[in-house]
Amino acid sequence: MSLENEAVRTDGDADDLIGIGFGPANLALAIAVDDHNRAGAEPPLRVNFLERQEGFGWHRGMLLDGATMQVSFLKDLVTQRDPRSRFTFLTYLQEHGRLADFINLKTFYPTRLEFHDYFEWCAAEFADRVGYGRTVTGIHPVTGPDGRTERVEVVSEALGGGARQVRAARNIAIGTGLTPRLPEGVRTGPHLWHTSELLLRAPELAQQPLRYRRIAVVGAGQSAAEAVEYLHRTFPGAEICAVLSRYGYSPADDSPFANRIFDPAAVDEFHAAPEAARQTLLTQHANTNYSVVDGELIEALYRTAYQEKVAGQERLRVLNATRLTAAEEVADGARAHVRSLTTGREQVLECDAVVLATGYTHLDPRRLLGERLAAACRTDGQGRLRVDRDHRVLTDESLDVGLYLQGGTEHTHGITSSLLSTLAVRSGEIRDSMLLRRTARELRARVAIG
322 MSLENEAVRT DGDADDLIGI GFGPANLALA IAVDDHNRAG AEPPLRVNFL ERQEGFGWHR
382 GMLLDGATMQ VSFLKDLVTQ RDPRSRFTFL TYLQEHGRLA DFINLKTFYP TRLEFHDYFE
442 WCAAEFADRV GYGRTVTGIH PVTGPDGRTE RVEVVSEALG GGARQVRAAR NIAIGTGLTP
502 RLPEGVRTGP HLWHTSELLL RAPELAQQPL RYRRIAVVGA GQSAAEAVEY LHRTFPGAEI
562 CAVLSRYGYS PADDSPFANR IFDPAAVDEF HAAPEAARQT LLTQHANTNY SVVDGELIEA
622 LYRTAYQEKV AGQERLRVLN ATRLTAAEEV ADGARAHVRS LTTGREQVLE CDAVVLATGY
682 THLDPRRLLG ERLAAACRTD GQGRLRVDRD HRVLTDESLD VGLYLQGGTE HTHGITSSLL
742 STLAVRSGEI RDSMLLRRTA RELRARVAIG
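Here you go:
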């Protein structure tokens with residue numbers, strides 16, 4: 322059922338769920354619901370989604386040629402939940418006539434470009450259930466005569482103005498993804514951008530003469546290292562400055578025992594653990610994901626730097642133990658102010674572009690929920706949302722709407738909160754939670770009648 326020109330629904334005709342955002346997380350949820358409905362369960366779950374982008378897209382600005390995934394293809398959108406699903410990565414390969422070819426690659430790690438194509442292949446199945454090019458402008462609780470809120474109305478508008486829609490739902494799943502994190506006081510511009518825009522901005526830069534013949538990349542994680550490698554080969558006449566607050570790039574710990582932190586079972590253990598243990602685990606295993614780089618890429622960059630030193634033409638400069646203190650746009654370029662952490666020496670880098678590989682952050686979902694719904698959400702001693710094991714925000718008893726979070730739950734569910742590793746299992750957990758809540762609601766209604 323298409324979202325276009327949809328009238329306001331009545332209470333009895335509310336969607337079972339509206340997903341806000343349609344990236345990999347809510348796509349996996351759409352698939353979990355579809356698998357359930359195709360199994361013949363009655364009544365089927367009815368879900369729809371709203372997505373700000375005009376079409377499906379996942380980190381398009383970093384779909385670099387040759388860049389590979391850092392998770393196994395078996396951690397696709399379904400396999401760990403149900404390997405029999407028609408939406409597995411292997412089924413995608415079979416339908417595209419590449420299964421035998423992929424097997425011959427002898428790898429668990431497809432390119433990022435191919436995995437994105439797999440996502441698009443899955444997303445195409447749900448085009449009639451996604452309102453693309455729409456932004457949510459409000460979520461309003463609808464309170465019944467008994468004072469309980471069993472549904473909400475989600476208000477959305479077409480980007481750039483235009484059609485306004487209101488849809489009723491008994492559950493919502495917030496999967497708006499991550500937003501780029503910028504250094505304090507820094508504003509992006511034509512020559513000063515986050516790595517999320519790398520493939521959008523770099524081609525524009527390549528079409529104009531370089532004034533300073535220098536590009537700086539700030540950051541020490543995987544995206545930073547990939548940006549350095551990409552810019553180094555894309556702009557052969559430019560100096561590429563890697564600005565690292567560390568002494569050098571640190572390798573990711575992808576050893577088998579450490580990787581158990583990404584297992585679905587680890588989420589159970591983390592959620593049940595006391596707060597002190599959770600913090601210890603996050604600290605001890607940060608090097609599996611945060612500000613770390615694939616070992617092969619580190620070696621390739623070091624080899625490049627060494628070979629240039631031998632040739633006496635050093636284009637790859639690594640400014641280690643150095644921190645960005647300010648950055649701004651200038652005429653036909655950008656300026657980066659940096660300071661050495663060891664000597665205190667400050668210098669200014671006049672650049673054709675400054676690229677910020679400074680990571681991402683989650684927006685507080687309460688900003689999207691609005692004042693009335695946010696007030697019903699329970700928080701812990703640090704003001705963070707309390708989230709149950711089924712990824713549902715704990716709320717006051719008067720609110721019987723499921724508010725599910727697809728990310729932003731690292732403090733309750735562990736390091737996989739914003740990663741692909743457990744999407745397949747998490748989507749099944751959210752779906753099953755909705756089914757249980759629907760059954761409980763139906764039983765309450767029967768008791769009330771009887």
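Under this note's numbering, think of the first position of the sequence shown as 322, with each following residue one higher. Every residue, glycine too, gets a C-beta built ideally from N, C-alpha and C.
Inset, instruction - Work out the CA separation of Thr730 and Cys562 for me, nearest whole Å. - result: As a working note, residue 562 is residue 241 in the sequence shown. As a working note, residue 730 is residue 409 in the sequence shown. Their Cα atoms are separated by approximately 35 Å.
Inset, instruction - Count the other C-beta atoms from every protein chain shown that fall within 10 angstroms of the C-beta of Phe429, then say buried if there are 16 or more, exposed otherwise. - result: Here the question's residue 429 lines up with position 108 in the sequence shown. Counting Cβ neighbours within 10 Å, Phe429 comes out exposed, since fewer than 16 surround it.
Inset, instruction - Spell out the partners DSSP gives Gly459 in its beta bridges. - result: The sequence position of residue 459 within the sequence shown is 138, counting from 1. The secondary-structure analysis by DSSP pairs Gly459 across a beta bridge with Val476.
Legend entry - Straight-line Cα distance separating His417 from Leu290: Since the displayed the chain opens at 322 and closes at 771, residue 290 lies outside it and no answer follows.
Legend entry - Nearest-angstrom Cα separation, counted from Ala445 out to Ala328: Position 7 of the sequence shown holds residue 328. Position 124 of the sequence shown holds residue 445. Its pLDDT being 37, under 50, Ala328 is placed unreliably by the model, and nothing is read from it.
Legend entry - Spatial neighbours of Ala293 in its chain, beta-carbon cut-off 8 Å, leaving aside the 5 residues before and after: The structure shown has nothing for residue 293, since the chain only spans 322 to 771.
Legend entry - Glu363 - containing beta strand (DSSP E), residue span: As a position in the sequence shown, residue 363 is number 42, starting the count at 1. Following the DSSP letters along the chain, one finds Glu363 in no beta strand (DSSP E), marked with neither H nor E.
Inset, instruction - Jot down the residue ranges of each uninterrupted beta strand (DSSP E) in the stretch 472-535, minimum 3 residues, whole runs only, in chain order. - result: If only complete runs of 3 or more residues are kept, the stretch 472-535 shows the beta strand (DSSP E) at 485-490, 492-495, 513-515, in order along the chain.
Inset, instruction - Ignore the nearest five residues each way along the sequence and tell me which others in Leu420's own chain have a CB closer than 7 Å to its CB. - result: Looking up residue 420 in the sequence shown gives position 99. Counting only Cβ-Cβ distances below 7 Å, and skipping sequence neighbours, we find Leu411, Leu414.
Inset, instruction - Determine, using beta carbons only, whether Arg488 and Asn369 come nearer to each other than 8 Å. - result: For the purposes of this step, residue 488 is taken as residue 167 along the sequence shown, with counting starting at 1. For the purposes of this step, residue 369 is taken as residue 48 along the sequence shown, with counting starting at 1. Against a cut-off of 8 Å, the Cβ pair of Asn369 and Arg488 comes out as a contact.
Inset, instruction - Report all residues from its chain with a CB closer than 6 Å to the CB of Ala647; omit the five preceding and five following residues, and keep chain order. - result: Taking the first residue of the sequence shown as position 1, residue 647 is located at position 326. Excluding its 5 nearest sequence neighbours in each direction, Ala647 has C-beta neighbours in its own chain below 6 Å: His658, listed in chain order.
Inset, instruction - Mind listing, in chain order, the continuous beta strand (DSSP E) runs of no fewer than 3 residues lying wholly within the stretch 645-727? - result: Within the stretch 645-727, the complete beta strand (DSSP E) runs of at least 3 residues are 654-661, 667-672, 674-677, 723-726.
Legend entry - Delimiting residues of the alpha helix (DSSP H) encompassing Glu596: Translated into positions along the sequence shown, residue 596 becomes position 275. Membership of Glu596 in the alpha helix (DSSP H) is indicated by the continuous run 596-605.
Inset, instruction - Leaving aside the five residues before and after Arg532 along the sequence, list all residues of the same chain whose C-beta is less than 7 Å from its C-beta, in chain order. - result: Within the sequence shown, the letter at position 211 stands for residue 532. Here the set comprises Asp653, Gly654, Asp673.
Inset, instruction - Taking all protein chains shown into account, decide if Ile278 is buried (16 or more other Cβ within 10 angstroms of its Cβ) or exposed. - result: Residue 278 is absent from the structure shown; the chain starts at 322 and stops at 771.
Legend entry - Closest by C-alpha distance to Thr389, when choosing among Ala579, Glu435, His380, Ile352: Position 68 of the sequence shown, counting from 1, holds the residue named residue 389. It is Glu435 whose Cα lies nearest to the Cα of Thr389.
Inset, instruction - Tell me whether Phe583 is buried or exposed, calling it buried when 16 or more other Cβ atoms sit within 10 Å of its Cβ. - result: Taking the first residue of the sequence shown as position 1, residue 583 is located at position 262. Label assigned to Phe583: buried.
Inset, instruction - Would you kindly work out how many angstroms separate the C-alpha atoms of Pro364 and Gln600, rounded to a whole number? - result: In the sequence shown, residue 364 corresponds to position 43, counting from 1. In the sequence shown, residue 600 corresponds to position 279, counting from 1. So the two alpha carbons sit approximately 42 Å from each other.
Legend entry - Assigned exposure category for Arg285 - 16 Cβ within 10 Å defines buried: For the chain, the structure presents residues 322 to 771; residue 285 sits outside this window and is missing.
Inset, instruction - Throw me the rounded Cβ distance for the Asn358 and Val722 pair, which I believe falls under 8 Å. - result: In the sequence shown, residue 358 corresponds to position 37, counting from 1. In the sequence shown, residue 722 corresponds to position 401, counting from 1. So it is not a contact: roughly 21 Å between Cβ atoms.
Legend entry - Residue closest to Trp442, alpha-carbon to alpha-carbon, out of Ser477, Val473, Phe377, Ala484: If you number the sequence shown from 1, residue 442 lands on position 121. Looking only at Ser477, Val473, Phe377, Ala484, the smallest Cα-Cα distance to Trp442 is reached by Phe377.
Legend entry - Alpha-carbon spacing of Ala586 relative to Gln391, whole angstroms: Counting from 1 along the sequence shown, the entry for residue 586 is found at position 265. Counting from 1 along the sequence shown, the entry for residue 391 is found at position 70. If you take the alpha carbons of Ala586 and Gln391, they lie about 20 Å apart.
Legend entry - Reduced DSSP secondary structure (H/G/I, E/B, other) of Phe370: As a working note, residue 370 is residue 49 in the sequence shown. In the structure shown, Phe370 sits in a strand (DSSP, three-state: E or B).
Inset, instruction - Find out if the Cβ-Cβ distance for the pair Ala695, Arg687 is shorter than 8 Å. - result: Position 374 of the sequence shown, counted from the start, is the residue given in the question as residue 695. Position 366 of the sequence shown, counted from the start, is the residue given in the question as residue 687. Closer than 8 Å, so yes.
Legend entry - Same chain, Cβ closer than 6 Å to His732, five either side skipped, listed in chain order: In the sequence shown, the residue the question calls residue 732 occupies position 411. Excluding sequence positions up to five before and after His732, its CB lies within less than 6 Å of the CB of Arg705, all in the same chain and listed in chain order.
Inset, instruction - Could you work out which residue in Arg638, Pro595, Pro572, His592 is closest to Glu620 when comparing CA atoms only? - result: Along the sequence shown, one-based indexing puts residue 620 at 299. The shortest Cα separation from Glu620 among Arg638, Pro595, Pro572, His592 belongs to Pro572.
Inset, instruction - Give a yes or no on contact between the stretch 517-530 and the stretch 379-388, applying the rule of three or more CB pairs nearer than 8 Å. - result: Taking a cut-off of 8 Å for Cβ pairs, the stretch 517-530 and the stretch 379-388 touch, as three or more such pairs fall below it.
Inset, instruction - Pick out whichever of Gly344, Ala697, Gly728 has its Cα sitting closest to the Cα of His683. - result: Within the sequence shown, residue 683 is the residue found at index 362, counting from 1. Taking the Cα of His683 as reference, the smallest distance to any Cα among Gly344, Ala697, Gly728 is reached at Gly728.
Legend entry - Spatial distance of Val714 from Leu690 (CA atoms): The sequence position of residue 714 within the sequence shown is 393, counting from 1. The sequence position of residue 690 within the sequence shown is 369, counting from 1. Val714 and Leu690 have their C-alpha atoms spaced approximately 12 Å apart.
Inset, instruction - Work out the CA separation of Glu629 and Val588 for me, nearest whole Å. - result: Here residue 588 refers to the residue found at position 267 of the sequence shown. Here residue 629 refers to the residue found at position 308 of the sequence shown. Looking at the two C-alpha atoms, the distance is approximately 46 Å.
Inset, instruction - Can you grab the Cα-Cα spacing for the pair Leu724 / Ile495, in whole Å? - result: Position 403 of the sequence shown, counted from the start, is the residue given in the question as residue 724. Position 174 of the sequence shown, counted from the start, is the residue given in the question as residue 495. When rounded, the distance between both Cα atoms is 8 Å.
Inset, instruction - Compute the distance between the beta-carbons of Leu503 and Leu677, then report whether it is under 8 Å. - result: As a first step, residue 503 must be located in the sequence shown, where it is residue number 182. As a first step, residue 677 must be located in the sequence shown, where it is residue number 356. Yes, these two residues count as a Cβ contact at 8 Å.
Inset, instruction - Tell whether a beta-carbon distance below 8 Å holds between Glu505 and Gly452. - result: Position 184 of the sequence shown holds residue 505. Position 131 of the sequence shown holds residue 452. Taking 8 Å as the cut-off, the beta carbon of Glu505 is found no closer than this to the beta carbon of Gly452.
Inset, instruction - From the DSSP output, in three-state form, read off Glu441 for me. - result: Start at 1 with the first residue of the sequence shown, and residue 441 comes out as number 120. DSSP, read as helix, strand or coil, puts Glu441 in helix.
Inset, instruction - Give the straight-line distance between the Cα atoms of Asn326 and Leu618, rounded to the nearest whole angstrom. - result: Counting from one through the sequence shown, the residue named residue 326 turns up at place 5. Counting from one through the sequence shown, the residue named residue 618 turns up at place 297. Confidence at Asn326 is low in this model, with a pLDDT of 36, below 50, so its placement is unreliable and no value can be given for it.
Inset, instruction - Within the same chain, show all residues whose beta-carbon is closer than 7 Å to that of Phe408, passing over the 5 residues directly before and after it, in chain order. - result: One-based indexing of the sequence shown puts residue 408 at position 87. These residues qualify, in order along the chain: Ile352, Leu398, Val399, Cys443.
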